[in-house]
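There are 2 protein chains.
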Amino acid sequence: MPRDGAATKAKILEVAHELVLEYGFGGMSVDQVLTAAGITKGAFFHHFKSKIDLANALLARYVQMDDQLLHEQMARAESLSRDPLQQYLIFVGLLEEMSRGQSEPPPGCLIASYIYQLELFSAETKTAVISGFKEWERVLGEKLAAVFEKYPPRLPVSAKQIYDNLLALFEGGVILAKLYDKGDALAEQLGQHKNYIELLFQERD
Amino acid sequence: MPRDGAATKAKILEVAHELVLEYGFGGMSVDQVLTAAGITKGAFFHHFKSKIDLANALLARYVQMDDQLLHEQMARAESLSRDPLQQYLIFVGLLEEMSRGQSEPPPGCLIASYIYQLELFSAETKTAVISGFKEWERVLGEKLAAVFEKYPPRLPVSAKQIYDNLLALFEGGVILAKLYDKGDALAEQLGQHKNYIELLFQERD
DNA sequence: CTAAGCATACCGACTGGTTGGTATGCTTAG
DNA sequence: CTAAGCATACCAACCAGTCGGTATGCTTAG
Numbered sequence: 183m184p185r186d187g188a189a190t191k192a193k194i195l196e197v198a199h200e201l202v203l204e205y206g207f208g209g210m211s212v213d214q215v216l217t218a219a220g221i222t223k224g225a226f227f228h229h230f231k232s233k234i235d236l237a238n239a240l241l242a243r244y245v246q247m248d249d250q251l252l253h254e255q256m257a258r259a260e261s262l263s264r265d266p267l268q269q270y271l272i273f274v275g276l277l278e279e280m281s282r283g284q285s286e287p288p289p290g291c292l293i294a295s296y297i298y299q300l301e302l303f304s305a306e307t308k309t310a311v312i313s314g315f316k317e318w319e320r321v322l323g324e325k326l327a328a329v330f331e332k333y334p335p336r337l338p339v340s341a342k343q344i345y346d347n348l349l350a351l352f353e354g355g356v357i358l359a360k361l362y363d364k365g366d367a368l369a370e371q372l373g374q375h376k377n378y379i380e381l382l383f384q385e386r387d
Numbered sequence: 183m184p185r186d187g188a189a190t191k192a193k194i195l196e197v198a199h200e201l202v203l204e205y206g207f208g209g210m211s212v213d214q215v216l217t218a219a220g221i222t223k224g225a226f227f228h229h230f231k232s233k234i235d236l237a238n239a240l241l242a243r244y245v246q247m248d249d250q251l252l253h254e255q256m257a258r259a260e261s262l263s264r265d266p267l268q269q270y271l272i273f274v275g276l277l278e279e280m281s282r283g284q285s286e287p288p289p290g291c292l293i294a295s296y297i298y299q300l301e302l303f304s305a306e307t308k309t310a311v312i313s314g315f316k317e318w319e320r321v322l323g324e325k326l327a328a329v330f331e332k333y334p335p336r337l338p339v340s341a342k343q344i345y346d347n348l349l350a351l352f353e354g355g356v357i358l359a360k361l362y363d364k365g366d367a368l369a370e371q372l373g374q375h376k377n378y379i380e381l382l383f384q385e386r387d
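Line by line, the protein sequences are chains U and B.
Quick note: the first sequence uses my numbering, first residue 183, plus one each step.
Quick note: the second sequence uses my numbering, first residue 183, plus one each step.
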C-alpha cells in the first residue's frame, strides 16, 4: 500500500459528497465517512481539522467542478455558433444532453443541500454557499445581455429573470429527479427552458 | 395553566417545522425543539413516540396544508373563469400573488428538505415523501388535459411536462428565495411559468 | 354534592450509546 | 534521521429515549 495522502483526501471528499446528498451534512457522521472511505479517525483528522472544515472543502470542490463545467460547455456552444441566442440554446442543450439518461451518480446539488441546513454552518460557509453561483450569473448574464441587444423579447422579461429561470429549473429538476427516481426529469425541464427561450425570442410572422 | 394537549402538540409541530428548514432533520436535536417550544422531554415524548414519529407527523401536516392550499386556490380560479387555460393561469397567478413580497415565514418546502436527507428515514416515510405531490399531480393533470383538448400547443409538450415545470419552478424558486434572501424570487419564477404557458398556447396571428 | 378512581398532560433526572475531536505512537518513503 | 501519513485508544459532550412521579380535571358511585 503506497502512501499517497492526496488520494486519501480525494477519497474522503468523494464518499462524503455522496453521504451528504443522502443524509444531509447534519445527519452524516464522521464515522460513516470513515467506514465508507475505509480509513480511520487519524487519517480523517490528519486531512481535515474539523467536520466543518470538511463541509467547506466539499463546497469549494463542488463550486470549482461546477464552474469548470460551465466554462467547458459554454466554450463548446460558442464554437458551434456565432449567434448569442443560438449559443445560449446550444449551451442549455448540452447540459440537457449530459443529464439525460444518467442515473449514476444519484443526482443532487450540494448548494441546495446546504441551503436546507444553513444554520448548521458558520458565517463564512454561509457566504460561500450564497455566492456559489456567482460565476454562472456572470457568464450567463453577459450572454443573455448580448441576446437582448440583438433580439426583442415578446414579453417584458429581464436577463436576470431568465438566468434565474434556468437556475430554478436546474434545482427543481434535480429534486424531481430524486422524487421520481428518474434522471431524465432534469433533462426534461432544461428542455422546457429551451422551449421558453425559443418562444420568447421568436420573430412574429 | 389550563391543560390543553392539542395546543402543546401544535406548538411542537410549529417550531419543529421551522427548525427542520433551518438545520435539517438530522441536524436538529429534540432538545432544540424542547427549548424552542418551551416544554420538557416528558411532554415531547408524551405526544410523539420517537423523533421519527415527529418527522412523519410534520410531513403529514405539511402535505395536508399544501393540498388545502391547492383546492382553495383552484376553486377560486375556477369561479373566476370558465376557460380551462384561463383557470390554470389564474391559479398560478394566485400562487404568485401569495408568495410575492412575503419574507415571513422564511420559505422552504419540507418535501425538498426531506429529499435531501432521504436516507435518514424509514421506508414508509420515504414513500410518504415521494407521494407528497400526488394530489397536485392529479388536480393539475386534469386541468391541463382540459387545456390540451381545447388549445393546440405551439410546441410538442405533454401535460406532465408542464405540471413538472410548475413543480420544478416552485422548488427551484424556493431555493432561490433562500439563496437571495428575497421572497420575491419564487413569485418571479411563477410569473415565468405563466409567460411560458401563455406563449405556448397563444394563437398564431 | 362529594369523593374515589382514573386518564391525560407534563416534569426532569437519568441512561447507554454516539458524537466530534484529541493524544500518542507506529510505519514508511525520501 | 525526519516528517508526512495513518492507526489505536481514548475523552467529554451530547444524543434520543426512559422512567418514576406529580398535577389536573373528568367520570361516576354513593
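The beta-carbon is built from N, C-alpha and C at its ideal position, and this holds for glycine as well.
Being a predicted model, the structure only gives us computed values, none of them experimental.
Member of the options whose CA lies at the smallest distance from the CA of residue i
i, options, result
"A218(U)", "K376(U), F226(U), L262(U) and V197(U)", "V197(U)"
"A310(U)", "D366(U), V321(U) and A294(U)", "A294(U)"
"A225(B)", "L276(B), N238(B), I194(B) and Q214(B)", "I194(B)"
"H253(U)", "R320(U), Q214(U), Q343(U) and Y345(U)", "R320(U)"
"L267(U)", "A341(U), F227(U) and T307(U)", "A341(U)"
"L348(U)", "G209(U), Y270(U), A237(U) and Y296(U)", "Y270(U)"
"L203(B)", "G275(B), F383(B) and P287(B)", "P287(B)"
"A192(B)", "P289(B), V215(B) and G209(B)", "V215(B)"
"L351(B)", "L368(B), L337(B), P289(B) and Q343(B)", "L368(B)"
"D346(B)", "L358(U), Y205(U) and Y345(U)", "L358(U)"
"P289(B)", "G206(B), V356(B) and H199(B)", "V356(B)"
"I344(B)", "E306(B), T307(B) and F383(B)", "F383(B)"
"G208(B)", "L337(B), F303(B), R336(B) and D265(B)", "F303(B)"
"N238(U)", "L337(U), E385(U), Y296(U) and C291(U)", "Y296(U)"
Between the CA atoms of residue j and residue i - distance to the nearest angstrom
i, j, result
"S281(B)", "T190(U)", "46 Å"
"E380(B)", "E301(U)", "39 Å"
"P334(B)", "S211(B)", "52 Å"
"G187(B)", "H375(U)", "49 Å"
"M183(B)", "R258(B)", "Only weak support is given to the placement of M183(B): the predicted model assigns it a pLDDT of 40, under 50, and the value that follows is read from those uncertain coordinates. Distance between the alpha carbons of M183(B) and R258(B) is about 41 Å."
"I221(B)", "L240(B)", "18 Å"
"Y378(U)", "Q246(U)", "29 Å"
"L251(B)", "F273(U)", "37 Å"
"G283(U)", "E370(U)", "11 Å"
"D213(B)", "K223(B)", "8 Å"
"V339(U)", "G354(U)", "21 Å"
"L372(B)", "D249(U)", "27 Å"
"L201(B)", "G275(U)", "39 Å"
"L277(U)", "H228(B)", "51 Å"
"L236(U)", "A242(B)", "34 Å"
"Y261(B)", "E279(B)", "A small fix is needed here, since residue 261(B) is Ser in this sequence, not Tyr. So the alpha carbons of these two residues sit roughly 17 Å apart."
"S263(U)", "M256(U)", "11 Å"
"Y244(U)", "G206(B)", "20 Å"
"E306(B)", "L337(U)", "45 Å"
"E385(B)", "S285(B)", "38 Å"
"L292(B)", "D265(U)", "42 Å"
"K308(U)", "K308(B)", "29 Å"
heavy atom of the ligand MG below 7 Å from residue i C-beta
i, result
"F230(U)", "Among the components of this structure there are no ligands whatsoever, and the ligand MG is therefore not found."
Could you please tell me which residues of the stretch 238 to 272 of chain U, in chain order, have their CB closer than 9 Å to any CB of chain B? Residues passing the 9 Å Cβ filter: none.
Looking at chain B, which residues of the stretch 193 to 207 of chain U have a Cβ within less than 8 Å of any of its Cβ atoms? Within the stretch 193 to 207 of chain U, the residues whose Cβ lies closer than 8 Å to some Cβ of chain B are L203, E204, Y205, G206 and F207, listed in chain order.
Within the chosen definition, does the stretch 311 to 329 of chain U reach the stretch 312 to 320 of chain B through at least 3 CB pairs nearer than 8 Å? no
Assess contact between the stretch 323 to 332 of chain B and the stretch 230 to 237 of chain B, defined as three or more Cβ pairs (one per stretch) separated by less than 8 Å. Is contact present? no
Below 8 Å between beta carbons is the criterion; list the residues of the stretch 324 to 343 of chain U that meet it against any residue of chain B, in chain order. R336, L337, V339 and Q343
May I have a chain-ordered list of the alpha helix (DSSP H) segments no shorter than 4 residues that lie completely inside the stretch 259 to 346 of chain U? 266 to 281, 292 to 297, 305 to 312 and 316 to 332
On the three-pair Cβ rule with 8 Å, is the stretch 359 to 373 of chain B touching the stretch 329 to 344 of chain B? Touching, no, given that fewer than three Cβ pairs across the two stretches are closer than 8 Å.
Determine which residues of the stretch 297 to 309 of chain B have a Cβ less than 8 Å from any Cβ of chain U, and write them out in chain order. Answer in chain order: I297, Y298, Q299, L300, E301 and L302.
Considering only residues of the stretch 195 to 252 of chain U, which uninterrupted alpha helix (DSSP H) runs meet the minimum length of 4 residues and lie entirely inside it, listed in chain order? 212 to 219 and 223 to 229
Beta carbons nearer than 8 Å to chain B: which residues of the stretch 345 to 358 of chain U have them? If the cut-off is 8 Å between Cβ atoms, the stretch 345 to 358 of chain U has D346, N347, L349, A350, L351, F352, E353, G354, G355, I357 and L358 near chain B.
Got a sec: which bits of the stretch 213 to 240 of chain U sit with their beta carbon under 9 Å from any beta carbon on chain B, in order along the chain? For the stretch 213 to 240 of chain U, there are no residues whose beta carbon sits under 9 Å from a beta carbon of chain B.
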